[in-house]
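Take the numbering used here: the last position of the sequence shown gets the number 545, and nothing is skipped along the way.
To start, the structure under review is shown below, and the notes come after it.
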Amino acid sequence: TYDVCEVRPGPNLNMIVGANGTGKSSIVCAICLGLAGKPSFIGRADKVGLFVKQGCLKGVVEIELSKTPDNIIITREIQVVNNTSAWFINRKPATLKTVEEQIAALNIQVDNLCQFLPQDKVGEFAKLSKIELLEATEKSIGPPEMYQFHCELKNFREKERELENLCRDKTNSLEKMKQRIERYKQDVERYHERKRHLDLIEMLERKRPWVEYENVRQQHEDVKQNRDQAKEELKNLKELQAPVTKKIQETEEYSKSLDMEIRDKATEIKDISQKCKQKQDALEMKDKQIEEIHQALRMKKDEEMDRQRKIHNTHKMIEEWKNELNTMVVCDNLQPQTDAVNNELKKLQEERANIDSDISDLTAEKMNQEREKKRIIDRLGQLNNIMNMKEENLKGRFRDTHSALMWLRKNKDKFKKKVCEPMMLEINMKDNRHAKYVENHVSANDMRAFVFESQEDMEMFLAEMRDHQKLRVNAVCAPAESCAENLPTRPIEELHRYGFFSYLRELFDAPRPVMSYLCSQYRVHDVPVGTEKTRNMIERV
């Protein structure tokens, strides 16, 4: 509203009247801030820089206070940029503490609502209690020591109450003690009587050990004899028990060996199961090859029969030509025809030799194929038995998973994409000695989990198993983008010096979805497998 304003109050009631926005509150704010008041006393802003007129970088408040013998002029310069203030007393630089001391000496209290009441603090003033109003009035109009005396009076009154309560408590305690002393008189009489009885008991107790000693001595002799008999019996029992103890130890060792063998057999079952599938596929290929060889052999036999007929006809023609030569007159013109016939005969004989060799090779190949077929059929029979053992093992350990497997084999046509059986059936170790690495790295829950290529198929399977079949099974979904061919972060050759010989993925075979899940979830393509050398230099690794 204005850049500069000077206000000179009169000796009586002063009123500033004007419309809204004419700057009445600016004068009130200037009084508060110029008398070392904080912005919070006014209730409008929290920084002094906000009280300076917009567009200006600095504001000045100068207040002249009446004091004997000379008036005091307090000046405050407010900087907008950093919200700082510079103080002056009688136009000489001063500190805020000096200004506050001068104002306190004149009993000016801008933080007392009974002495200085901005319009934004009217509501707060109305909320003051009678006690707070009395204290504020004392601070405002009374001498400085009045409020201090009032506080001391309250403290003395509080101490008086405490002393009255303490005196009352002591009086009650004294009365109770007197009553307790009356009760204790009877207790003292009983105590003296009890003391007499105790003295009598003590005298009798001194006599009793002599009697007890003789009894105990006799008991000691009896116990000593019993102890010797017990030692003898214990010795006999230990001698009798020795064979049983030895047998128990042997049984425990045998049990441990059986456990190890069971684990090895389980690993071997996994290995043989995978090989069974491979051999079955190979057997089908061999059947096709044998059929093709039979077909080729039949064609060779037909060709051989045609060649035999040709050879027979040729021999017949040769015989006829020889007979004809014998009967004919020697003629020089027949010699070229004879040479041509001989050359043709030689070619036929060479071709026959080649055919005989091919027939021998085909016959040998057929016999080899027959032997391989018989071996594969026998192996398939063994693998089928091992697969049955694996399934029996699965049925014994995880009955719900086995039931779900039986249902899956009957209902594979319900799924859109490939579904793999539990991983423990699908993973095929190349060397059974390495099975422990996979078992330690892959969780047991995932080892018995079904693997799906489609999330939709997995959700349908789980809903069927859990909601309808009431079976508790595990299922996982292979990544949408296959990770089965992921490369390790570094070649295994770089790790040979630390004793690592292979990555975990290279130690086993598995269907593509299973391998993709293991690479994604367990990063088997990037987990190196070490030896005892790795363990010895683990700090360096």
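Note that the Cβ used here is the ideal one computed from N, Cα and C, for glycine as well.
Remember, it's a predicted structure, so these values are computed and weren't measured experimentally.
For R539, the nearest candidate out of V528, Y526, F504 (CA to CA): Position 535 of the sequence shown, counted from the start, is the residue given in the question as residue 539. Nearest option by C-alpha distance: F504.
N16 - DSSP class collapsed to helix/strand/coil: As a first step, residue 16 must be located in the sequence shown, where it is residue number 12. Coil at N16, not helix or strand.
C-alpha gap between T493 and L429, whole angstroms: By one-based count along the sequence shown, residue 493 stands at place 489. By one-based count along the sequence shown, residue 429 stands at place 425. Between the alpha carbons of T493 and L429 lies a distance of about 29 Å.
Burial state of T405 (16 or more Cβ within 10 Å): What you label residue 405 is simply residue 401 of the sequence shown in a count that begins at 1. It counts as buried.
Buried versus exposed call for L5 [16 or more other C-beta atoms within 10 Å across all chains shown]: In the sequence shown, the residue the question calls residue 5 occupies position 1. Before going on, a small fix: residue 5 reads as Thr here, not Leu. Exposed: under 16 other Cβ atoms inside 10 Å.
Span of the beta strand (DSSP E) around A98: What you label residue 98 is simply residue 94 of the sequence shown in a count that begins at 1. Segment 96 to 98, the beta strand (DSSP E) holding A98.
Buried or exposed (CB count within 10 angstroms, at least 16 for buried), G400: What you label residue 400 is simply residue 396 of the sequence shown in a count that begins at 1. Answer is exposed; the Cβ neighbour count stays below 16.
Residue environment, Y521, which counts as buried when at least 16 other CB atoms sit within 10 Å: In the sequence shown, residue 521 corresponds to position 517, counting from 1. Flag for Y521 reads buried.
DSSP three-state assignment for P213, whether helix, strand or coil: Translated into positions along the sequence shown, residue 213 becomes position 209. In the structure shown, P213 sits in a helix (DSSP, three-state: H, G or I).
Pick from N16, G25, V21, V64 that is closest to C2, judged by C-alpha positions: Nothing in the structure corresponds to residue 2, since the chain is present only between 5 and 545.
CB contact below 7 Å: G385 versus chain C: Absence of chain C from the displayed structure is noted, only one protein chain being present.
Run of the beta strand (DSSP E) containing V65, from where it starts to where it stops: Looking up residue 65 in the sequence shown gives position 61. Note, V65: beta strand (DSSP E), 62 to 69.
Whole-angstrom distance between R184 and L167, CA atom to CA atom: Residue mapping note: residue 167 aligns to position 163 of the sequence shown, counting from 1. Residue mapping note: residue 184 aligns to position 180 of the sequence shown, counting from 1. Taking the straight line joining both Cα atoms gives about 25 Å.
D268 (DSSP reduced to helix, strand or coil): Counted from its first residue, the sequence shown places residue 268 at position 264. D268: helix per DSSP, three-state reduction.
Extent of the continuous beta strand (DSSP E) to which R80 belongs: Against the sequence shown, residue 80 aligns to sequence position 76. Where R80 is concerned, the enclosing beta strand (DSSP E) stretches over 76 to 83.
Under the three-state DSSP convention, the category S506 falls into: Locating residue 506 in the sequence shown gives position 502, counting from the first residue. Three-state result, S506: strand.
Pick from I294, R403, A408, A439 that is closest to N372, judged by C-alpha positions: Taking the first residue of the sequence shown as 1, we reach residue 372 at position 368. Closest option to N372, Cα to Cα, is I294.
T88 - DSSP class collapsed to helix/strand/coil: The count along the sequence shown starts at 1 and reaches residue 88 at position 84. Of the three classes helix, strand and coil, the one that applies to T88 here is strand, per DSSP.
Pairwise C-alpha distance: K158 and E136: Translated into positions along the sequence shown, residue 136 becomes position 132. Translated into positions along the sequence shown, residue 158 becomes position 154. Rounded to whole angstroms, E136 to K158 spans 14 Å at the Cα level.
Own chain partners of Y507 with C-beta closer than 8 Å, once the 5 adjacent residues on each side are dropped: In the sequence shown, the residue the question calls residue 507 occupies position 503. The answer, listed in chain order, is P492, I496, V528, H529, D530, V531, P532, V533.
Cβ pair E457, A482 closer than 7 Å: Within the sequence shown, numbered from 1, the residue matching residue 457 stands at position 453. Within the sequence shown, numbered from 1, the residue matching residue 482 stands at position 478. Yes. Within cutoff.
Residues sharing a beta bridge with C424, DSSP: As a working note, residue 424 is residue 420 in the sequence shown. Answer is V455, bridged to C424.
Cα-Cα separation between N317 and A300, rounded to whole angstroms: Here residue 317 refers to the residue found at position 313 of the sequence shown. Here residue 300 refers to the residue found at position 296 of the sequence shown. Those two C-alpha atoms are separated by around 25 Å.
Where Q223 falls, given that 16 or more other Cβ within 10 Å makes a residue buried: Along the sequence shown, read from residue 1 onward, the residue named residue 223 stands at position 219. Exposed, because fewer than 16 other Cβ atoms sit within 10 Å of the Cβ of Q223.
The stretch 52 to 61 touching the stretch 11 to 26, judged by at least three CB pairs closer than 8 Å: Below 8 Å, too few C-beta pairs join the stretch 52 to 61 and the stretch 11 to 26 to call them touching: fewer than three.
Per-residue DSSP class, three states only, for V333: Position 329 of the sequence shown holds residue 333. Unreliable positioning characterises V333 in this predicted model, as indicated by a pLDDT of 48, which lies under 50. A coordinate reading is not provided.
Residues that M433 bridges to, as DSSP identifies them: Looking up residue 433 in the sequence shown gives position 429. F512, per the DSSP bridge assignment.
For C481, the first and last residue of its enclosing beta strand (DSSP E): Residue mapping note: residue 481 aligns to position 477 of the sequence shown, counting from 1. Taken as a continuous stretch (DSSP letters only), the beta strand (DSSP E) holding C481 covers 479 to 481.
Simplified DSSP assignment, three categories, for P247: If you number the sequence shown from 1, residue 247 lands on position 243. In this structure, P247 counts as helix in the three-state DSSP scheme.
Stretch-stretch touch, CB-based, cutoff 8 Å, three pairs: the stretch 248 to 255 with the stretch 410 to 425: The stretch 248 to 255 is not in contact with the stretch 410 to 425.
Alpha carbon of D336 to alpha carbon of K320, nearest angstrom: Your numbering for residue 336 matches position 332 in the sequence shown. Your numbering for residue 320 matches position 316 in the sequence shown. Note that D336 scores a pLDDT of 49, beneath 50, so its modelled location is shaky; the value from the coordinates is reported in the next line. Those two C-alpha atoms are separated by around 23 Å.
Beta-bridge pairing of V548 - partner residues as DSSP gives them: Because the chain is modelled from 5 through 545, residue 548 falls outside the range shown and cannot be assessed.
Cα-Cα separation between E395 and M433, rounded to whole angstroms: What you label residue 395 is simply residue 391 of the sequence shown in a count that begins at 1. What you label residue 433 is simply residue 429 of the sequence shown in a count that begins at 1. Their backbone Cα atoms lie some 17 Å apart in a straight line.
Length of the line joining the Cα atoms of E324 and I380: Start at 1 with the first residue of the sequence shown, and residue 324 comes out as number 320. Start at 1 with the first residue of the sequence shown, and residue 380 comes out as number 376. Each residue's Cα considered, the two are about 56 Å apart.
Within 7 Å, strictly: CB atoms of I431 and A514: Translated into positions along the sequence shown, residue 431 becomes position 427. Translated into positions along the sequence shown, residue 514 becomes position 510. In this structure, A514 lies closer than 7 Å to I431 by Cβ.
R302 burial status per 10 Å Cβ neighbour count (16 or more: buried): Working through the sequence shown from its first residue, we reach residue 302 at position 298. Exposed.
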